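Asker:
As structure tokens, then:
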């Protein structure tokens with residue numbers, strides 16, 4: 009049984025199809041990453057799971073139920089648009105959100121979360137006195153304070169400094185360790201690679217990736233070569249190389265379907281000294297750009313599914 013099951017879901021706004029025939033299953037107890045360009049349908053999908061929006065067609069089952077409201081005490085949502093009552097004290101805001109979810113005695117939970125996220129000294133301060141990062145952590149606590157079974161986080165790490173990013177990332181992993189199912193959307197491909205058990209990508213309203221990262225990378229093939237070259241090695245007109253990404257100390261070369269890494273190695277050695285040569289799978293960043301970048305316009309999209 010899955011925490012979320014979406015079957016052939018369609019959602020339109022006026023003449024725009026925001027989500028197009030989407031089917032998706034989110035297993036219990038995992039971290040499920042939603043990725044996709046701006047305007048691709050990520051937030052619309054999250055809001056349909058929360059019942060804030062309703063699909064035009066298709067069915068959505070959340071925690072085993074097809075009927076429900078956004079106020080379901082077992083489900084929590086952190087929207088992309090941040091919003092807290094600025095004149096309230098931090099502790100009072102959290103107590104209020106806990107009460108909305110039916111939590112009568114939240115004192116110990118609030119104290120624990122404030123301590124864990126480094127906010128204990130700010131418990132009696134008004135929200136308006138907090139920095140952006142602090143306010144974002146408070147809103148995260150507000151979402152999870154009632155110990156939900158399913159948590160939906162829309163861009164929870166956006167705009168945070170590295171320290172606060174690590175704090176929230178560890179909090180999300182702690183939720184998973186406790187058995188909570190976490191769905192979160194992000195534009196940070198490196199974070200998605202490190203944290204997520206499953207990756208789902210939506211592009212122009214359609215599902216284009218869905219499954220474990222390893223399966224997705226295998227679907228796109230081992231067409232990436234990482235190299236370090238001596239200075240002066242010419243890269244123009246290399247056989248079957250369709251893209252060169254320069255990362256300073258090393259280069260990544262992407263081959264077309266007919267590319268042979270051994271032929272590439274021979275061609276590079278004829279041009280100069282090769283210090284490092286490694287055939288590797290494409291990163292999630294590379295796959296994202298391959299699907300949604302300018303070079304992909306007009307190409308057929310193939311869904312990768314485990």
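Residue numbers (the working numbering): 9 to 314.
Note that the Cβ used here is the ideal one computed from N, Cα and C, for glycine as well.
Quick caveat, the model's predicted, so the values are computed rather than measured.
Can you say whether residue 109 is buried or exposed, counting buried as having 16 or more other CB atoms within 10 angstroms of its CB?
Answerer: So residue 109 ends up on the buried side.
Asker: Could you tell me the distance, in whole angstroms, from the CA atom of residue 223 to the CA atom of residue 152?
Answerer: Rounded to whole angstroms, residue 223 to residue 152 spans 31 Å at the Cα level.
Asker: What does residue 20 pair with, by DSSP beta-bridge criteria?
Answerer: Answer is 25, bridged to residue 20.
Asker: Using only CA atoms, which one of 296, 124, 258, 265 lies nearest to residue 6?
Answerer: Nothing can be reported for residue 6: it is not among the residues displayed for the chain, which extend from 9 to 314.
Asker: Do you know offhand how far residue 157's Cα is from residue 191's?
Answerer: Each residue's Cα considered, the two are about 11 Å apart.
Asker: What does the Cβ neighbour count give for residue 115, buried or exposed, with the cut at 16 atoms within 10 Å?
Answerer: Exposed, by the Cβ-count rule.
Asker: Out of 257, 82, 75, 137, which has the shortest C-alpha to C-alpha gap to residue 154?
Answerer: Checking every option, the nearest Cα to that of residue 154 belongs to 82.
Asker: Would you report the Cα separation of residue 294 and residue 95, rounded to the nearest angstrom?
Answerer: Answer to the nearest angstrom: the Cα atoms are 44 Å apart.
Asker: Roughly how many whole angstroms lie between the Cα atoms of residue 21 and residue 50?
Answerer: Their Cα atoms are separated by approximately 14 Å.
Asker: Specify, as a first and last residue, the run of the alpha helix (DSSP H) that residue 118 falls within.
Answerer: Its alpha helix (DSSP H) spans residues 115 to 124.
Asker: Spell out a yes or no on whether the segment 198 to 211 and the segment 225 to 235 are touching, meaning 3 or more CB-CB pairs, one atom from each, closer than 8 Å.
Answerer: Too few Cβ pairs lie closer than 8 Å, so no.
Asker: Check each candidate in 219, 228, 259, 251 and name the one with the smallest Cα separation from residue 238.
Answerer: The option with the nearest alpha carbon to residue 238 is 259.
Asker: What residue range is occupied by the uninterrupted beta strand (DSSP E) comprising residue 218?
Answerer: Residue 218 -> beta strand (DSSP E) spans 214 to 219.
Asker: I'd like to check one pair, residue 179 with residue 292: are the Cβ atoms closer than 8 Å?
Answerer: It is not a contact, given that the beta carbons lie outside the stated cut-off.
Asker: Helix or strand or just coil, what does DSSP make of residue 244?
Answerer: If DSSP states are grouped into helix, strand and coil, residue 244 belongs with coil.
Asker: Mapping the DSSP letters down to three states, classify residue 62 as helix, strand or coil.
Answerer: In this structure, residue 62 counts as coil in the three-state DSSP scheme.
Asker: Could you tell me the alpha carbon to alpha carbon distance between residue 119 and residue 105, rounded to whole angstroms?
Answerer: Approximately 14 Å, taken between the alpha carbons.
Asker: Just how far apart, CA to CA, sit residue 29 and residue 45?
Answerer: Their Cα atoms are separated by approximately 18 Å.
Asker: Alpha carbon to alpha carbon, how far is residue 290 from residue 274? Give it in angstroms, no decimals.
Answerer: Roughly 22 Å between the two C-alpha positions.
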